[in-house]
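Chemist: Residues in the sequence shown are numbered from 4 upward in steps of one, following our numbering.
Even for Gly, the Cβ is constructed at its ideal location relative to N, Cα and C.
Take this structure, written in structure tokens, and hold onto it; I'll ask about it next.
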Amino acid sequence: MAASRLSHALTSGALSLPDAGVIALFNAKGDSDLAALPEGRLVAIERHYPEVAALRARGIATAPAPEGPIAAALVFLPRARAEAEALLAEALAATDGPVIVDGQKTDGIDTMLKAVKARAEVRGVTAKAHGKCFEIAPGTDLSDWRAGAPAPNADGFLTLPGVFSADGIDPASRLLAAHLPETLTGRAADLGAGWGYLSSELARREGLTELHLVEADAHALDCARANLDDPRARFHWADARDWRDDAPFDLVVCNPPFHSGRAADPALGRAFIAAAARLLAPSGRLYLVANRQLPYETTLEQYFARVESLGGDARFKLFVAQRPTRRPRA
Ligand SMILES: C[S@@+](CC[C@H](N)C(=O)[O-])C[C@H]1O[C@@H](n2cnc3c(N)ncnc32)[C@H](O)[C@@H]1O
Numbered sequence: 004m005a006a007s008r009l010s011h012a013l014t015s016g017a018l019s020l021p022d023a024g025v026i027a028l029f030n031a032k033g034d035s036d037l038a039a040l041p042e043g044r045l046v047a048i049e050r051h052y053p054e055v056a057a058l059r060a061r062g063i064a065t066a067p068a069p070e071g072p073i074a075a076a077l078v079f080l081p082r083a084r085a086e087a088e089a090l091l092a093e094a095l096a097a098t099d100g101p102v103i104v105d106g107q108k109t110d111g112i113d114t115m116l117k118a119v120k121a122r123a124e125v126r127g128v129t130a131k132a133h134g135k136c137f138e139i140a141p142g143t144d145l146s147d148w149r150a151g152a153p154a155p156n157a158d159g160f161l162t163l164p165g166v167f168s169a170d171g172i173d174p175a176s177r178l179l180a181a182h183l184p185e186t187l188t189g190r191a192a193d194l195g196a197g198w199g200y201l202s203s204e205l206a207r208r209e210g211l212t213e214l215h216l217v218e219a220d221a222h223a224l225d226c227a228r229a230n231l232d233d234p235r236a237r238f239h240w241a242d243a244r245d246w247r248d249d250a251p252f253d254l255v256v257c258n259p260p261f262h263s264g265r266a267a268d269p270a271l272g273r274a275f276i277a278a279a280a281r282l283l284a285p286s287g288r289l290y291l292v293a294n295r296q297l298p299y300e301t302t303l304e305q306y307f308a309r310v311e312s313l314g315g316d317a318r319f320k321l322f323v324a325q326r327p328t329r330r331p332r333a
């Protein structure tokens, strides 16, 4: 939908891109339709590792931050307002050329257009397919929208807008932390570590020798680095579903993601359970929390010979799973 709008705006001449030079894409997704854009001149600035992998698989160059001269930028509007503002400011700072913004109504494009219009010259507004795209005139300064450094949330942890549970500790993770044994030893991994809450709880256990935080969102991992000043901590910007390490783990903790974009996707959580089974030593244990409605029991039983419920509350359920197997039982 978004792509047909952008293609329409570019092919109709409502919006245009310079004939030469690099075009930076902010928040492009692995499945974004980029057909109307000049192949070979695109570089995607992307913080989510699975998207980086998907964009690279399509032959699109990626970078964690803009580098060198950029002729124009294209921002695919995210839903979180602070994150959207920060991306626009980053795109405007990266180029002296046009910055095109494309977004769905449901992601707040109308509010954003109004906010930008109040501060800058806007051209080529094109409405189509439940959204809009428009160009912000070159030279516009929205630097006061730039993301700041990680700042303390309600629970005193450092976070950035747009990361999971930025405002405070996630209640499911808090519940899991309350059920972790006081004595834990060996090598631990936190899959989908976010800004590091569960890992910070693990770090209180002196018996743990290594603490590996695996997280797809580079911003969340930056926050985790700021929250965890512990020599045992190792930070991995990676897709937990296929992340590997040289040695097996004694412990995995996980509050798995269950959304791909906006859609609920229990397959993500199932893939995290399979990854935990693959990473654990035969004597290792997985501690997992999930929303009550998520159907993980069968997957846990396929990948672990022993699965125990640790109870939970009205919203969340807790499990400890032992004796992992790499190949799922039928
Ligand atoms: C439910 S949150 C839990 C975050 C953190 N453990 C906490 O307790 O606050 C799930 C986390 O998984 C991350 N995530 C999503 N997909 C991922 C993937 N494929 N690989 C690694 N992390 C992923 C999200 O960015 C998010 O930080």
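Check for me: the alpha helix (DSSP H) holding H182 runs from which residue to which?
Modeler: P174 to H182
Chemist: If you measure from each CB to the nearest heavy atom of ligand 1 and keep those under 6 angstroms, what residues do you get, in chain order?
Modeler: P53, F167, S168, D173, S176, G195, A196, G197, Y200, L201, V217, E218, A219, D220, A223, D242, A243, R244, N258 and P260
Chemist: Looking only at its own chain, which residues have a Cβ that is under 6 angstroms from the Cβ of G100, when we skip the five neighbours before and after it?
Modeler: P21, A74, A75 and P141
Chemist: I need the boundaries of the beta strand (DSSP E) containing P285, first residue and last residue.
Modeler: P285 -> beta strand (DSSP E) spans L283 to N294.
Chemist: So the candidates are V323, L321 and A66; which of them puts its Cα closest to the Cα of E54?
Modeler: A66
Chemist: Check whether the stretch 166 to 178 and the stretch 283 to 295 touch, using three or more Cβ-Cβ pairs below 8 angstroms as the test.
Modeler: Yes, the stretch 166 to 178 is in contact with the stretch 283 to 295.
Chemist: Shortest alpha-carbon distance to E300 belongs to which of G287, G272 and C226?
Modeler: G272
Chemist: Are V323 and L289 touching if we call contact CB-CB under 8 angstroms?
Modeler: yes
Chemist: Considering Cα atoms alone, identify which of A279, E311, H262 and R8 is closest to V128.
Modeler: R8
Chemist: Suppose the cutoff is 6 angstroms on Cβ atoms and the five residues either side in sequence are ignored; what does the same chain contact list for E49 look like?
Modeler: V55 and T65
Chemist: Are the CB atoms of A123 and I139 within a distance shorter than 8 angstroms?
Modeler: yes
Chemist: Do you know how far the Cα of T14 is from the Cα of R44?
Modeler: 18 angstroms
Chemist: Would A191 be called buried (16 or more neighbouring beta carbons within 10 Å of its own) or exposed?
Modeler: buried
Chemist: Taking the runs of the alpha helix (DSSP H) that are 4 residues or longer, which of them lie wholly in the stretch 158 to 223?
Modeler: 174 to 182 and 200 to 205
Chemist: Who are the Cβ neighbours of G171 in its own chain at under 6 angstroms, not counting the five residues just before and after it?
Modeler: Around G171: N156, A157 and D158.
Chemist: Give the DSSP-derived three-state secondary structure of D248 in the structure shown.
Modeler: coil
Chemist: Taking L313 as the reference, which of A181, W198 and L80 has the closest Cα?
Modeler: Distance from the Cα of L313 is smallest, within the candidate group A181, W198 and L80, for A181.
Chemist: Is F275 helix, strand or coil by DSSP?
Modeler: helix
Chemist: What does the alpha-carbon distance come out to for the pair A267 and N230?
Modeler: Answer to the nearest angstrom: the Cα atoms are 29 angstroms apart.
Chemist: Would you list the one or two residues that DSSP bridges to L254?
Modeler: A191 and R288
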